[in-house]
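Undergrad: This is the structure I want to talk about, given as structure tokens.
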Amino acid sequence: MSELVRQPKPNETVEPAMGSFAQEPSARPVMEISAEPVSLSPSTWERIVIAVALVGALVIYLLRLEPPVGLFKDDAWYLVLAQSLAAGQGYHLTNFPFETGLSYYPPLYPFLLSLVFRCFPNFPDNLLWLKGFSLVAMFGCGVLAARYFQVSQRTQPLISWLLALATMLSPAFVLLATTSVMSECVFSLLHIMTLVMVAEGSPTDSKPGKPRIWLLAGVLAGLTYLTRSIGLMLILAVCCQLGLKRQWRVGLVFGGGVLLSLGPWWAYSQFHATSAVNRQTDAQMFTTGYGTQFWHQAGDPTRPKMTLADFGWRVTQNSTIVIGVSVGGLTVPEIFRAAPESGMETLGMTQYLGIGPDAIGAGVGNMGLSPITMGISAVFSVLGLFGFLSKIRKQWQAAELYVGFSLVLIVIWPGTPFRYVLPLLPFLLFYIGTGLKILGCQVWRRKDRLPAASNSSPLERIFLMSVVGLYVFDHTGYVLARQQSATTHLPWRQSFEGGLQMVQWIKDHTNPGEVVTSDNSPFVYMFSGRKTMPFSLKAKTRFGVRYYVAMADTTPESHKHLGKVVFQPPGSNQLIVELNPEPENPTGPK
């Protein structure tokens, strides 16, 4: 049949076939991964640049290392659980004045923090060691991200390391690593490690799958789930990839590794299951499982169950925030806020946008949201979707499945989307760069020279270099603002310093066995040693609670119905209220 195929004449231009994606003169599709090996080793000058960049990233982290901790609330709960594990009291929230059931927080990260408490038990003197996990995790995440994109996506070393640097220097990640003990950094490291193992161990025509690598991948996937429950999407993605490729043998090995990780926790959680009595206590919000939370408005089991209309509003809210806020806040956060707020998009972009009754949460502000900034975020979202579709058009890999499954869960979950989208940052930037690469070729009508998947384009390189440059500029502005006056120019430091002053007041005016109520109970407990709990009339009458510590920005007028303001840190909107004998509003502050 070869004689029936017309061969092109010398110097003749062969027009590509028309379609959504043009093709090269050969039969190879545009985005098909080239069979030619891509060098995974950067050149000598690239090695030097990479080394200098990593040192620069380390300097940025050290310059941004801050004393605050516990302001996210979740990281304060992690500290309570870690301290409880280190003291041999089990996986319980020991800040409450009564025995609680098993906490619903995944156990791996508190367990890692508990190792620090075992070696250095004095809090907050051990804060640097506690934050060390996140600092190390972010550099490991960057290096492994470069490895993943080179091995699995066949990217050139320049693109791979730009993606790695962008991941490490993301203001949101830097804030979480230096100003909290949140779990996102360790979670990101584990899911990247898992995907690298999947890429390294995937069977091909020339080599069989490596059982030891797949066993390790399964163990890492299980540990990812035990760090944050959304890691379940990673396990599901890898299983789907193996199922689509009918790789049942390695699938069994992978599943065995997952069970090795999850088995001990499942056994422990069943043995220490939360009793029905404890589900009715004031700790209900913190011991009720994710399954129950999903079906209640705003994920709060004390609120009514969600209706079909509530679910529709929730999906609308989350989708709007992901497309119009989160993607832009991760890619170009500088357009949403000033440098002194660097990284605060992790809270400021979690706000409820006012689309329907099923509120998903409340942040610290709108971070300068406007139709323009939301439009910019939407443009990046479209570019990322374009790049994502170009990848799955030819091959469903574990990473694409993982990103897709995660986004589906994010838009239906009753939580704030930004922190769930954050660990997907390296993939998001990669898909946006891929979308720009294809779009640039289409706009300039270079259809006969569309780049292969392993090649980069000027637009892709310019985009990633610009992202890294803007991140560095953002960190520089933050450090300069801190040198002027940390408590005045950095909102985080101001809130933390005010909280410490209120905690000291509580220590001076209460007995060691007294119970205090607060909107950030674990923070007050860790720094004061006083038993704490959320405010309720039952708590006041049962435990004789006298003081309410308002850590969030507020005003004395909003707490008049509770009692008299007895302390307010200078220049702060935080305060302590001495509660009336019978509060007018038993549900807490407005």
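Residues 2 to 591 (my numbering) make up the sequence shown, in order.
Glycine residues also receive a C-beta, built at the ideal position from the N, C-alpha and C atoms.
Bear in mind the structure is a predicted one, so any value in this text is a computation, not a measurement.
1) Short check: CB of Ala-400 to CB of Gly-325, under 7 Å?
2) Whose C-alpha, out of Ile-336, Leu-429, Gly-244 and Gln-248, is nearest the C-alpha of Val-323?
3) So, helix, strand or coil for Phe-568, using DSSP?
4) Report yes if the CB atom of Phe-419 is closer than 7 Å to the CB atom of Ser-327, and no otherwise.
5) Report buried or exposed for Phe-173, applying the criterion of at least 16 other Cβ atoms within 10 angstroms of its Cβ.
6) Excluding the 5 residues flanking Val-199 on each side, which residues of the same chain have their C-beta closer than 7 Å to its C-beta?
7) Can you tell me whether Asn-521 is buried or exposed? The criterion is at least 16 other CB atoms within 10 Å of its CB, across all chains shown.
8) Out of Leu-190, Phe-188 and Val-517, state which residue places its alpha-carbon closest to the alpha-carbon of Glu-579.
9) Less than 7 Å separating the beta-carbons of Leu-82 and Pro-111?
10) From which residue to which residue does the alpha helix (DSSP H) around Ser-115 run?
11) Look at the alpha carbon of Tyr-149 and the alpha carbon of Arg-48, and state the distance between them as a whole number of angstroms.
12) In terms of alpha-carbon separation, which member of Asn-127, Gln-157 and Cys-241 lies closest to Ser-44?
13) Quick one: grab the DSSP three-state call for Glu-185.
14) Assuming Leu-237 and Leu-191 make a contact with CB atoms under 8 Å, what is their CB distance in whole Å?
15) Given a threshold of 16 other Cβ atoms within 10 Å of its Cβ, counted over all protein chains shown, does Ile-61 qualify as buried or as exposed?
16) So does the region 458-473 actually touch the region 532-552, counting three or more Cβ pairs closer than 8 Å?
17) Please classify Glu-335: does DSSP put it in a helix, a strand, or coil?
18) Taking the alpha-carbon positions, what's the Thr-101 to Ser-184 distance?
19) In whole angstroms, what is the alpha-carbon distance linking Arg-65 and Trp-296?
20) Which residue's Cα is closest to the Cα of Ser-382: Ser-559, Trp-267 and Leu-437?
21) Entirely within the region 505-559 and at least 3 residues each: give me those beta strand (DSSP E) ranges in chain order.
22) Tell me which same chain residues have a C-beta within less than 6 Å of the C-beta of Ala-87, skipping the five on either side of it?
23) What is the residue span of the beta strand (DSSP E) that Glu-579 lies within?
24) Relative to the C-alpha of Thr-596, which candidate in Glu-342, Gly-133 and Ile-413 has its C-alpha closest?
25) What does DSSP give as the partner residue(s) for His-297 in the beta ladder?
26) Between the C-alpha atoms of Gly-344 and Ser-171, what's the straight-line distance to the nearest angstrom?
27) Identify which residue in Leu-176, Gly-252 and Gly-564 has its Cα closest to the Cα of Arg-213.
28) Alpha helix (DSSP H) containing Met-169: first to last residue?
29) Which of the three DSSP states, helix, strand or coil, is assigned to Val-39?
30) Determine the contact status of Tyr-92 and Leu-103, defining contact as a CB-CB distance below 7 Å.
31) Apart from the five residues just before and just after Ser-153, which ones in its own chain have a Cβ nearer than 6 Å to its Cβ?
32) Excluding the five sequence neighbours on either side, which residues of its own chain have a C-beta within less than 8 Å of the C-beta of Phe-59, listed in chain order?
33) Is it the case that the Cβ atoms of Leu-145 and Val-197 are separated by a distance below 7 Å?
TA: Checking against the coordinates, here is how it stands:
1) Going by C-beta atoms, Ala-400 is not nearer than 7 Å to Gly-325.
2) Ranking Ile-336, Leu-429, Gly-244 and Gln-248 by Cα distance to Val-323 puts Leu-429 first.
3) DSSP places Phe-568 in strand when its eight states are reduced to three.
4) Going by C-beta atoms, Phe-419 is nearer than 7 Å to Ser-327.
5) This sequence places Ala at residue 173; Phe is not what is there. The residue in question, Ala-173, is buried, as its Cβ has 16 or more Cβ neighbours within 10 Å.
6) Hits under 7 Å: Ala-218, Val-239 and Ala-399.
7) Buried: at least 16 other Cβ atoms inside 10 Å.
8) Of Leu-190, Phe-188 and Val-517, the residue nearest in Cα terms is Val-517.
9) Yes, the Cβ-Cβ distance between Leu-82 and Pro-111 is below 7 Å.
10) For Ser-115, the enclosing alpha helix (DSSP H) begins and ends at 109-120.
11) When rounded, the distance between both Cα atoms is 17 Å.
12) For the options Asn-127, Gln-157 and Cys-241, the alpha carbon positioned closest to that of Ser-44 is the one of Gln-157.
13) The answer is helix: DSSP assigns Glu-185 an H, G or I state.
14) About 16 Å separates the beta carbon of Leu-237 from that of Leu-191, a gap too long to meet the 8 Å contact definition.
15) Around the CB of Ile-61, 16 or more other CB atoms lie within 10 Å, so the residue is classed as buried.
16) The way I'd put it, the region 458-473 doesn't touch the region 532-552; fewer than three beta-carbon pairs between them come closer than 8 Å.
17) Assigned with DSSP and collapsed to three states, Glu-335 falls in helix.
18) Distance between the alpha carbons of Thr-101 and Ser-184 is about 23 Å.
19) Rounded to whole angstroms, Arg-65 to Trp-296 spans 39 Å at the Cα level.
20) Nearest C-alpha to Ser-382: Leu-437.
21) With a minimum length of 3 residues, the unbroken runs of beta strand (DSSP E) contained wholly in the region 505-559 fall at 516-519, 532-534 and 548-551.
22) Beyond the five residues adjoining it in sequence on each side, Ala-87 comes within less than 6 Å, by CB distance, of Ser-115, Phe-118 and Arg-119 in the same chain, given in chain order.
23) Looking at the DSSP string, the run of the beta strand (DSSP E) that includes Glu-579 is 576-580.
24) In the structure as shown, the chain begins at 2 and stops at 591. Residue 596 is therefore absent and cannot be evaluated.
25) Paired residues: Lys-306.
26) If you draw a straight line from the Cα of Gly-344 to the Cα of Ser-171, it comes to about 8 Å.
27) With distances taken between Cα atoms, Arg-213 lies closest to Gly-252.
28) Unbroken alpha helix (DSSP H) run through Met-169: 158-170.
29) Bear in mind that a pLDDT of 47 at Val-39, under 50, signals an unreliable position, so the number given afterwards is only what the model happens to contain. DSSP places Val-39 outside both helix and strand once states are collapsed to three, so it counts as coil.
30) Yes, these two residues count as a Cβ contact at 7 Å.
31) The answer, listed in chain order, is Ala-200.
32) Contrary to the premise, residue 59 reads as Leu rather than Phe in this sequence. Taken in chain order, the residues that qualify are Phe-140.
33) Yes. Within cutoff.
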